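Mapping of the sequence shown onto the numbering used here: position 13 corresponds to residue 934, and the numbering continues sequentially without gaps. Think of the CB as a built atom: it goes at the ideal place given N, C-alpha and C, for glycine as much as any other residue. Just so it is clear, the structure is predicted and the values come from calculations on it, not from any experiment. What follows is a set of notes on a single structure, which appears directly below.
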Amino acid sequence: LRALPGAAPVALFCHSYGSVVCGLAARALPGRVADIAVAASPGMHAQTAARLGTSARVWAMRNATDWIRDVPYMELGGFGHGADPVSRAFGARVLSAHGAKGHAGYFDPGTDSLTNFAEIGVGAYGSVRCARDDDACRAGLPGGTTAGRA
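So this is what it looks like as structure tokens:
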């Protein structure tokens, strides 16, 4: 990330165990990382988004058919990956993954998950689709623009 040219904001997209890695790295990420979006996460080694120690917005999604939902969300004695990023208590902005199937379907064309990744990537926060039937995931965010994103 530090080697990327320019100073435009960057979004990280983290799938499955990659979200664990993103959670562990969050505290040391450069300030230009504006967003961390996780899908199919077994946890991020934190009990809350605030405890990740980053100024980046934290987004999370999981579809209803993903087996990862059956993984115990806990950390005890160094085992486990922490709290469920899509739980209200975690505090991430929870996105829709409608249309995604199973553990690997988040990047499939036509899914809300892929659309949400794209909207976050270009900073179009007003266009993301929230998981719940409200606008909670967009609360306090600008509509965004597509200019100047890395």
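request  = Identify, in the order they occur along the chain, each residue of the same chain with its Cβ nearer than 6 Å to the Cβ of serine 940, setting aside the five sequence neighbours on each side.
outcome  = Val959, Ser962 and Met965
query = Mind checking proline 926: buried by the 16 CB within 10 Å criterion, or exposed?
reply = exposed
query = When the Cα of tyrosine 938 is compared with those of His1024, Val1043, Pro1030 and Asp1056, which residue comes out closest?
reply = His1024
C-beta contact flag for alanine 955 and proline 930 at 9 Å = yes
Exposed unless 16 or more other CB atoms sit within 10 angstroms - verdict on aspartate 1056 = exposed
ask   = Would you call the CB atoms of tryptophan 980 and leucine 1016 closer than 9 Å?
value = yes
task = Return the CA-CA distance between glycine 1044 and glycine 1001, expressed in angstroms with no decimal places.
result = 32 Å
query = Which residues bound the beta strand (DSSP E) around phenylalanine 934?
reply = 931-936
message = How far does the alpha helix (DSSP H) with isoleucine 1041 in it extend, from its first residue to its last?
response = 1033-1042
message = Tell me the rounded alpha-carbon separation between aspartate 1005 and phenylalanine 1038.
response = 19 Å
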